[in-house]
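Q: This structure is in structure tokens; I'll ask about it shortly.
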Amino acid sequence: MACLNPVLWETKVLQSKATEDFFRNSIQSPLFTLQLPHNLHQTLQSSTASLVIPAGRTLPSFTTTELGTSNSSANFTFPGYSIHVPAGVTLQTASGHLYKVNVPIMVTQTSGRAGILQHPIQQVFQQLGQPSVIQTSVPQLNPCSLQATTEKSQRIETVLQQPTILTSGPVDRKHLENATSDTLVSPGNEHKIMPEVLLSHQESSHYVSLPSVVFSPQVSQTNSNVESVLSGSASMTQNLHGGSFSMSPHGALHQHMTDTQPHILKNRMYGCDSVKQPRNIQEPSNILVSKKDSNCQVDLSIQVTDDDINEIIQVDGTGDTSPNEEIGNARDVDENELLGIIDTEDLKVLEEEADSISNEDSAANSSDNEDSQVDIVEEDPLNSGDDVSEQDVPDLFDTDNIIVCQYDKIHRSKNKWKFFLKDGVMCFGGRDYVFAKAIGDAEW
Amino acid sequence: MDAESDVALDILITNVVCVFRTRCHLNLRKIALEGANVIYKRDVGKVLMKLRKPRITATIWSSGKIICTGATSEEEAKFGARRLARSLQKLGFQVIFTDFKVVNVLAVCNMPFEIRLPEFTKNNRPHASYEPELHPAVCYRIKSLRATLQIFSTGSITVTGPNVKAVATAVEQIYPFVFESRKEIL
Chain R
4 MACLNPVLWE TKVLQSKATE DFFRNSIQSP LFTLQLPHNL HQTLQSSTAS
54 LVIPAGRTLP SFTTTELGTS NSSANFTFPG YSIHVPAGVT LQTASGHLYK
104 VNVPIMVTQT SGRAGILQHP IQQVFQQLGQ PSVIQTSVPQ LNPCSLQATT
154 EKSQRIETVL QQPTILTSGP VDRKHLENAT SDTLVSPGNE HKIMPEVLLS
204 HQESSHYVSL PSVVFSPQVS QTNSNVESVL SGSASMTQNL HGGSFSMSPH
254 GALHQHMTDT QPHILKNRMY GCDSVKQPRN IQEPSNILVS KKDSNCQVDL
304 SIQVTDDDIN EIIQVDGTGD TSPNEEIGNA RDVDENELLG IIDTEDLKVL
354 EEEADSISNE DSAANSSDNE DSQVDIVEED PLNSGDDVSE QDVPDLFDTD
404 NIIVCQYDKI HRSKNKWKFF LKDGVMCFGG RDYVFAKAIG DAEW
Chain Z
3 MDAESDVALD ILITNVVCVF RTRCHLNLRK IALEGANVIY KRDVGKVLMK
53 LRKPRITATI WSSGKIICTG ATSEEEAKFG ARRLARSLQK LGFQVIFTDF
103 KVVNVLAVCN MPFEIRLPEF TKNNRPHASY EPELHPAVCY RIKSLRATLQ
153 IFSTGSITVT GPNVKAVATA VEQIYPFVFE SRKEIL
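Okay, here's the thing in structure tokens:
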């Protein structure tokens, strides 16, 4: 997993609040709809093509044309493109993992404001004599939708916002560490084509085995865990894990049990208030293909951006009434020395005494009197900077010494601050420094 | 027996809590981003703004209600509150300084003698409550003043009340009772 660390860092930076505004303006996350082509007839074929999918937010578009499958050509691209991954494609991520796609997958970009879509559910395959597999349904996330079309029937299950775990009766779950992963399983009957798409985080190695499209007599077991992260309104990625077993009558067996690995839910990454945070899932939209030997696994991570990135909706303070009548009251800008609430009587008194000194005296008196009359609606003007002066400390932000980093912990006791920072760069004294860890103390 | 009431006791006001309203909705996020010396507690929905000059910490709610703590006198509290409202005004909000009220005053007073707490409690049954297993001080409430005093055996007394005057009166009131139960060093 060491190879994933740089990407992890990058994703963290991009997700961190420090760069929240930076990336807000450049929304790059595409929304994808994963659709399995209707013609899932293809059997597993040994892949000949290998694609390199660089990990990261942006993936260059590339096509795989030299595929031995009869499927549509795989066109794996990023924003604005649809991704087609025919069966039998071996994909290699930048991290070096090799994944083989057994079932053609087509990922198309949906509109940016995709609502909650229906999720296709993969069916459970009962494999003869094989450890049962759990069919998984992909819980739906806002921008992503997986639609698996099967040969026989198209099952689309609406996924609830909460991930649920269902297991088919006969299915024997294996290695399900479902502390964090949720799977939707619909009890599978016989032959179901189980296209499984695994969307996973980069940091987790998920193996989704896409069973080859099996015809009716085929029974395959898939063991997949679908981890869906639905957080608030911004569930960004779907994680599906599946180990699929596909048995073709022709003997191309790709039986394989995948260990479901616990996924780190997106929940940990994103708060509930997705609207406020334009988070882009940094995991690249990869289709991870399992190794050639047995696994057909597809990992697909989808980046999603929030819709209203420019609008930060404030959730508190609703129902406030701000009566404006007080504003209309006389704010005597001229009489700057007045601190207290100005009564009409006092105004008259003041006006009578044209003397500025006596104004001040009466002002002092009136302010004393008015201190006890706090409940008077009429308000004293906040002086334009004279008495209630601005903070005399000048802006200390004119400095050129800047640190941009992530924080582990920021602690404060009274006016003593302690900073535990990590992964940052700082420009200090005109020189740039990079650090993995920084600890600081300050007094305010 | 009765102690003279004109003993000069130093009553130190340690904290004054006040509230005021701005009569306008405050955008907490804007305050958090543009204000100086702020701590944004998004999970609870408030912003803390600390001031240096009168050392106060203000809790700002989006409804426009502001609670100001840390001042050492009532005047300072008002001064700091106005300063705070001024800085909010500078951020662009139509702030009106209304409903200023001192809510709580915390003061500390030291007796020149030690006190026998069980005896004191017995003599002042309804007002005093003493639970040594829970808290080492006697809690004495003066209903008329709405003041609460915490009397320690060392002679240190903590007083909380709605304003400074009530606090001073409470100390004066308690002095004779405490004097009765003092620990005399022979």
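Residue numbers (the working numbering), protein chains in the order written: chain R, 4 to 447; chain Z, 3 to 188. Using N, Cα and C, we set each Cβ at its ideal position, and we do this for glycine too. Since this is a predicted model, take the numbers as computed values, not measurements.
1) Is the segment 19-37 of chain Z close to the segment 89-108 of chain Z, with three or more CB pairs under 8 Å?
2) For Glu135(Z), tell me which candidate among Ala10(Z), Val169(Z), Pro120(Z) and Ser64(Z) has the shortest Cα-Cα distance.
3) Is Ala172(Z) near Leu188(Z), with beta carbons less than 9 Å apart?
4) Would you tell me roughly how many angstroms separate the C-alpha atoms of Lys32(Z) and Val19(Z), rounded to the nearest one?
5) Is the Cβ of Gly47(Z) closer than 9 Å to any Cβ of chain A?
6) Applying the 10 Å Cβ sphere with the 16-neighbour rule, what's the burial state of Ile153(Z)?
7) Just to make sure I have the definition right: I need the residues of chain Z whose C-beta is within less than 8 Å of the C-beta of Gln317(R). Which are they?
8) Rounded to the nearest angstrom, what separates Asn404(R) and Val437(R) at their Cα positions?
9) Check the C-beta distance from Val180(Z) over to Val107(Z) and give it rounded, since I have them as a contact under 8 Å.
10) Would Lys145(Z) count as contacting chain R if we go by Cβ distances under 9 Å?
11) Provide the residue span of the beta strand (DSSP E) that contains Val407(R), from first to last.
12) Relative to the C-alpha of Ser65(Z), which residue among Lys417(R), Asn105(R), Asp435(R) and Asp319(R) is closest?
13) Taking 9 Å as the threshold (beta carbon to beta carbon), is Lys167(Z) in contact with chain R?
14) Give the straight-line distance between the Cα atoms of Ile159(Z) and Pro114(Z), rounded to the nearest whole angstrom.
15) Under three-state DSSP, which class holds Arg44(Z)?
16) When DSSP builds the beta bridges, which residues end up paired with Met51(Z)?
17) Determine the burial state of Glu78(Z): buried for a count of at least 16 other Cβ atoms within 10 Å of its Cβ, exposed for fewer.
18) Determine the DSSP secondary structure at Gly82(Z), reduced to helix, strand or coil.
19) Determine the direct distance from the alpha carbon of Thr16(Z) to that of Arg118(Z), and round the result to whole angstroms.
20) Using only CA atoms, which one of Phe102(Z), Lys92(Z) and Ile13(Z) lies nearest to Glu36(Z)?
21) Once you ignore the five residues that flank Ala441(R) on each side, which residues in its own chain have a CB closer than 6 Å to its CB?
22) For the alpha helix (DSSP H) holding Ile187(Z), just list the boundary residues, first then last.
23) Could you give the C-beta distance for Gly47(Z) and Trp63(Z), rounded to a whole number, given that I count them as a contact under 8 Å?
24) Helix, strand or coil for Phe122(Z), going by three-state DSSP, please let me know.
25) In the DSSP assignment, what residue or residues form a beta bridge with Thr171(Z)?
26) Could you give the first and the last residue of the continuous beta strand (DSSP E) run that contains Trp447(R)?
27) Kindly say whether Arg415(R), judged by its beta-carbon, lies nearer than 9 Å to any beta-carbon of chain Z.
28) What did DSSP end up calling Ala130(Z) once you bin it into helix, strand or coil?
29) Could you pull the start and end residues of the beta strand (DSSP E) that Phe102(Z) belongs to?
30) Could you tell me whether the Cβ of Ile41(Z) comes closer than 9 Å to any Cβ of chain R?
31) Check whether chain R comes within 9 Å of Lys52(Z), counting only Cβ atoms and requiring the distance to be less than that.
32) Would you verify that the beta carbon of Gly443(R) is, or is not, closer than 9 Å to some beta carbon of chain Z?
33) In angstroms, rounded to a whole number, what distance separates the CA positions of Lys417(R) and Thr123(Z)?
A: This is what the structure holds:
1) yes
2) Here residue 135(Z) refers to the residue found at position 133 when the second sequence is read from its first residue. The residue with the shortest Cα to Cα distance from Glu135(Z) is Pro120(Z).
3) As a working mapping, residue 172(Z) is identified with position 170 in the second sequence. As a working mapping, residue 188(Z) is identified with position 186 in the second sequence. Not in contact: Ala172(Z) and Leu188(Z) (Cβ atoms no closer than 9 Å).
4) For the purposes of this step, residue 32(Z) is taken as the residue at position 30 of the second sequence. For the purposes of this step, residue 19(Z) is taken as the residue at position 17 of the second sequence. The straight-line gap from Cα to Cα measures roughly 25 Å.
5) Although the question refers to chain A, the structure presented lacks it and instead comprises the protein chains R and Z.
6) Position 151 of the second sequence holds residue 153(Z). It counts as buried.
7) Position 314 of the first sequence, counted from the start, is the residue given in the question as residue 317(R). Residues of chain Z passing the Cβ test: Asn29, Leu30, Arg31 and Ser64.
8) Numbered from its first residue, the first sequence carries residue 404(R) at position 401. Numbered from its first residue, the first sequence carries residue 437(R) at position 434. Those two C-alpha atoms are separated by around 13 Å.
9) Position 178 of the second sequence, counting from 1, holds the residue named residue 180(Z). Position 105 of the second sequence, counting from 1, holds the residue named residue 107(Z). Contact doesn't hold; Cβ gap of about 20 Å is too wide.
10) Here residue 145(Z) refers to the residue found at position 143 when the second sequence is read from its first residue. Judged by the 9 Å Cβ criterion, Lys145(Z) is not in contact with chain R.
11) Locating residue 407(R) in the first sequence gives position 404, counting from the first residue. Unbroken beta strand (DSSP E) run through Val407(R): Ile405 to Ser416.
12) One-based indexing of the second sequence puts residue 65(Z) at position 63. That would be Asp319(R), whose Cα lies nearest to the Cα of Ser65(Z).
13) Numbered from 1 along the second sequence, position 165 holds the residue referred to as residue 167(Z). Taking Cβ atoms only, chain R never reaches closer than 9 Å to Lys167(Z), which makes this a no.
14) Residue numbering aside, residue 159(Z) sits at position 157 when the second sequence is read from its first letter. Residue numbering aside, residue 114(Z) sits at position 112 when the second sequence is read from its first letter. Near 11 Å, if we compare the C-alpha coordinates of Pro114(Z) and Ile159(Z).
15) Here residue 44(Z) is taken as the residue at index 42 of the second sequence, counted from 1. Arg44(Z) falls in the coil class under three-state DSSP.
16) As a working note, residue 51(Z) is residue 49 in the second sequence. According to DSSP, which records beta bridges pairwise, Met51(Z) is partnered with Val40(Z) and Ala60(Z).
17) Numbered from its first residue, the second sequence carries residue 78(Z) at position 76. So Glu78(Z) counts as buried.
18) Here the question's residue 82(Z) lines up with position 80 in the second sequence. Looking at Gly82(Z) - three-state DSSP - the assignment turns out to be helix.
19) For the purposes of this step, residue 118(Z) is taken as the residue at position 116 of the second sequence. For the purposes of this step, residue 16(Z) is taken as the residue at position 14 of the second sequence. Answer to the nearest angstrom: the Cα atoms are 25 Å apart.
20) In the second sequence, the residue the question calls residue 36(Z) occupies position 34. Of Phe102(Z), Lys92(Z) and Ile13(Z), the residue nearest in Cα terms is Lys92(Z).
21) In the first sequence, counting from the first residue as 1, residue 441(R) sits at position 438. So the qualifying residues of the chain are Leu424.
22) Along the second sequence, read from residue 1 onward, the residue named residue 187(Z) stands at position 185. Premise fails: Ile187(Z) is in no alpha helix (DSSP H) and is neither H nor E.
23) As a working note, residue 47(Z) is residue 45 in the second sequence. As a working note, residue 63(Z) is residue 61 in the second sequence. The Cβ separation is near 7 Å, so the contact holds.
24) Here residue 122(Z) refers to the residue found at position 120 when the second sequence is read from its first residue. In this structure, Phe122(Z) counts as helix in the three-state DSSP scheme.
25) Along the second sequence, read from residue 1 onward, the residue named residue 171(Z) stands at position 169. According to DSSP, Thr171(Z) bridges with nothing at all.
26) Position 444 of the first sequence holds residue 447(R). Per DSSP, Trp447(R) belongs to no beta strand (DSSP E) and is neither H nor E.
27) For this step, residue 415(R) is matched to residue 412 along the first sequence. Chain Z, which has a Cβ nearer than 9 Å to the Cβ of Arg415(R), makes this yes.
28) The sequence position of residue 130(Z) within the second sequence is 128, counting from 1. Strand.
29) Here residue 102(Z) refers to the residue found at position 100 when the second sequence is read from its first residue. Run containing Phe102(Z): Thr100 to Asn112, per the beta strand (DSSP E) assignment.
30) Taking the second sequence and counting its residues from 1, one reaches residue 41(Z) at position 39. Ile41(Z) counts as touching chain R.
31) By 1-based counting over the second sequence, the position of residue 52(Z) is 50. For Lys52(Z), the answer is yes, since a Cβ of chain R falls inside 9 Å of its Cβ.
32) Here residue 443(R) refers to the residue found at position 440 when the first sequence is read from its first residue. It does not; no Cβ of chain Z falls within 9 Å.
33) Stepping through the first sequence from its first residue, residue 417(R) is reached at position 414. Stepping through the second sequence from its first residue, residue 123(Z) is reached at position 121. Taking the straight line from one Cα to the other gives about 35 Å.
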